[in-house]
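In terms of numbering that gives the first Met the number 0, the sequence shown is residues 0 to 400. Just so you know, even glycine gets a beta-carbon here, dropped at the ideal spot from N, CA and C. For reference, the structure discussed in these notes is given below.
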Amino acid sequence: MPIIVAINKIDLPAAKPDVVKQELLQHNIMVEEYGGEIQCAEISAKQGIGIDHLMELIHLQSEVLELTASEEGPARGVVVEAKKEQGRGVLFTCLIDRGTLSMGDCFLVGMQDGKVRAIMDERGKKIKTVKPGEPCEILGANDVPESGDRFYVMANEREAREMASKRRTLQRQQQIMGPKQSVDLDNLADMMADGTLKDLPIIIKGDVAGSVEALADQLMDLNTEEVRVKVVHKAVGAVSESDVLLAANTGAMIIGFHMRPGSAIRDLAKKHHVTIEVFDIIYEAVDTMRKAMAGLLGSIKRERSTGRAQVRQVFTIPKTGQVAGSMVVEGVIKRKAMARLIRDEVVVYEGKVNSLRRFKDAVKEVATGYECGIGLENFYDIQENDFLETFEIDEIKRTEL
Numbered sequence: 000m001p002i003i004v005a006i007n008k009i010d011l012p013a014a015k016p017d018v019v020k021q022e023l024l025q026h027n028i029m030v031e032e033y034g035g036e037i038q039c040a041e042i043s044a045k046q047g048i049g050i051d052h053l054m055e056l057i058h059l060q061s062e063v064l065e066l067t068a069s070e071e072g073p074a075r076g077v078v079v080e081a082k083k084e085q086g087r088g089v090l091f092t093c094l095i096d097r098g099t100l101s102m103g104d105c106f107l108v109g110m111q112d113g114k115v116r117a118i119m120d121e122r123g124k125k126i127k128t129v130k131p132g133e134p135c136e137i138l139g140a141n142d143v144p145e146s147g148d149r150f151y152v153m154a155n156e157r158e159a160r161e162m163a164s165k166r167r168t169l170q171r172q173q174q175i176m177g178p179k180q181s182v183d184l185d186n187l188a189d190m191m192a193d194g195t196l197k198d199l200p201i202i203i204k205g206d207v208a209g210s211v212e213a214l215a216d217q218l219m220d221l222n223t224e225e226v227r228v229k230v231v232h233k234a235v236g237a238v239s240e241s242d243v244l245l246a247a248n249t250g251a252m253i254i255g256f257h258m259r260p261g262s263a264i265r266d267l268a269k270k271h272h273v274t275i276e277v278f279d280i281i282y283e284a285v286d287t288m289r290k291a292m293a294g295l296l297g298s299i300k301r302e303r304s305t306g307r308a309q310v311r312q313v314f315t316i317p318k319t320g321q322v323a324g325s326m327v328v329e330g331v332i333k334r335k336a337m338a339r340l341i342r343d344e345v346v347v348y349e350g351k352v353n354s355l356r357r358f359k360d361a362v363k364e365v366a367t368g369y370e371c372g373i374g375l376e377n378f379y380d381i382q383e384n385d386f387l388e389t390f391e392i393d394e395i396k397r398t399e400l
């Protein structure tokens, strides 16, 4: 597959494009500057530097390879990114490579079916048709597809639904054939040493499809002769009851990326002896798993929830900003505590509790069952029914491998 390399963020002081080009040699990618045939552009997407040169390389490559696409017939394409938004539903970015996509078309994408309810261009403007080579954002899928899924316009809704149902049935059959032993970070190295663990089953849930795919690919690279990482299920969205039950049946560990499961899900996981580990950085997740597999976890940093409050009403106070009128539903909310705001089990803010009040009085802490006003540090997009969770990070020293 012919490729063009774009080296981004060259506007940063620490940028070293030459080092990147040398590292590409390790993957058998030799750019023209080093005597190869692969074209390379140094760009800054944020500053707009080098974008014109990149576009010239793309047009030149397309002319040399005589790349053409037919606008006739039903549309086909590939999913670039997908997510679920509150109030709008499932949105996925698609690049059409054949045919013409129109409003109202029934489609099949991966294991999901749907009908095109709206099409937006790269600037969020509504459009009616999309031709090959044009990016678009599509609204109308029944559930979130995965990055890289193929997109096909089908003849009718029934055909799309039947095909999607067959694919989901096949996936469920594959999932229930997995291993049954329960795995967590503490016993991973021991199970590998005993030879009782041949497959490491993992379920990955994240906020966007791209992050889920990237994390899955990085974890798959951890395969060794003793153990093979097996991604039982990966999807966009909050950790659900079905995810916990699937993990219990397959012995899988659940990894949440930018996700924080609610108390009901945590209790269900504890009941079924399912481990849920949450991360916000891909490198941190991969590094933790690598150390656990090698038995090198010198200490484990675990978050401990200290309090949880539900936002009942939002007040705007002059010179102060937004204050969340909340009810403490679990634990104790303390002033200056580390906190995160969770909306539909997706983390939208992480920082500190800036102010805490009972009626008009500033207080140090508020216990379960009491109402209070909570202000967050440098954040002013609080909505009703959001959950505010405070936490502390405990570092647990391991006494044995």
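(request) Using alpha carbons as the reference points, say which of Thr223, Asp142, Ile3 lies closest to Leu59. (result) Here the question's residue 59 lines up with position 60 in the sequence shown. Among Thr223, Asp142, Ile3, the Cα nearest to that of Leu59 is on Ile3.
(request) Output the distance between the C-alpha atoms of Gly86 and Tyr33, rounded to the nearest integer angstrom. (result) What you label residue 86 is simply residue 87 of the sequence shown in a count that begins at 1. What you label residue 33 is simply residue 34 of the sequence shown in a count that begins at 1. If I take the Cα positions, the gap works out to 51 Å.
(request) Grab the span of the alpha helix (DSSP H) containing Ala247 for me, first residue to last. (result) Taking the sequence shown and counting its residues from 1, one reaches residue 247 at position 248. First-last of the alpha helix (DSSP H) with Ala247: 240-249.
(request) For His257, name the three-state secondary structure that DSSP assigns. (result) To locate residue 257, count along the sequence shown from 1; it is residue 258. In this structure, His257 counts as coil in the three-state DSSP scheme.
(request) Following the continuous alpha helix (DSSP H) through Leu355, name the residue where it begins and the one where it ends. (result) Position 356 of the sequence shown, counting from 1, holds the residue named residue 355. Counting along the chain, Leu355 falls outside any alpha helix (DSSP H), though it belongs to the beta strand (DSSP E) covering 345-357.
(message) Whole angstroms are fine: how far does the CA of Gly306 sit from the CA of Thr389?
(response) Against the sequence shown, residue 389 aligns to sequence position 390. Against the sequence shown, residue 306 aligns to sequence position 307. Rounded to the nearest angstrom, the two C-alpha atoms are 5 Å apart.
(request) Report the three-state DSSP secondary structure of Ser61 (helix, strand or coil). (result) As a working note, residue 61 is residue 62 in the sequence shown. Looking at Ser61 - three-state DSSP - the assignment turns out to be helix.
(message) Within 10 Å of its beta-carbon, does Met219 have 16 or more other beta-carbons around it, so buried, or fewer, so exposed?
(response) Position 220 of the sequence shown holds residue 219. Exposed, because fewer than 16 other Cβ atoms sit within 10 Å of the Cβ of Met219.
(request) Assign Gly113 to one of two classes, buried (16 or more other C-beta atoms within 10 Å of its C-beta) or exposed (fewer than that). (result) By 1-based counting over the sequence shown, the position of residue 113 is 114. When all chains shown are included, Gly113 counts as buried.
(request) Identify, in the order they occur along the chain, each residue of the same chain with its Cβ nearer than 7 Å to the Cβ of Gly368, setting aside the five sequence neighbours on each side. (result) The residue you call residue 368 lines up with position 369 of the sequence shown. Excluding sequence neighbours, Gly368 sits near Val327.
(request) Pick helix, strand or coil for Lys20, following the three-state DSSP scheme. (result) In the sequence shown, counting from the first residue as 1, residue 20 sits at position 21. In this structure, Lys20 counts as helix in the three-state DSSP scheme.
(message) Among the candidates Met258, Gly261, Arg259, Asp242, whose CA atom is the shortest distance from the CA of Met252?
(response) Locating residue 252 in the sequence shown gives position 253, counting from the first residue. Measuring from the Cα of Met252, the nearest candidate turns out to be Asp242.
(message) To the nearest angstrom, how far is the alpha carbon of Thr223 from that of Tyr282?
(response) Within the sequence shown, residue 223 is the residue found at index 224, counting from 1. Within the sequence shown, residue 282 is the residue found at index 283, counting from 1. One C-alpha to the other measures close to 19 Å.
(message) Along the chain, where does the alpha helix (DSSP H) containing Arg265 start, and where does it finish?
(response) Taking the first residue of the sequence shown as position 1, residue 265 is located at position 266. Run containing Arg265: 262-270, per the alpha helix (DSSP H) assignment.
(request) Would you kindly work out how many angstroms separate the C-alpha atoms of Met29 and Ala14, rounded to a whole number? (result) Taking the sequence shown and counting its residues from 1, one reaches residue 29 at position 30. Taking the sequence shown and counting its residues from 1, one reaches residue 14 at position 15. Using only the alpha carbons, I get a separation of about 20 Å.
(message) Is it buried or exposed, Thr168, if we count other Cβ atoms within 10 angstroms and call 16 or more buried?
(response) Here residue 168 is taken as the residue at index 169 of the sequence shown, counted from 1. Exposed.
(message) Mapping the DSSP letters down to three states, classify Arg157 as helix, strand or coil.
(response) One-based indexing of the sequence shown puts residue 157 at position 158. Of the three classes helix, strand and coil, the one that applies to Arg157 here is helix, per DSSP.
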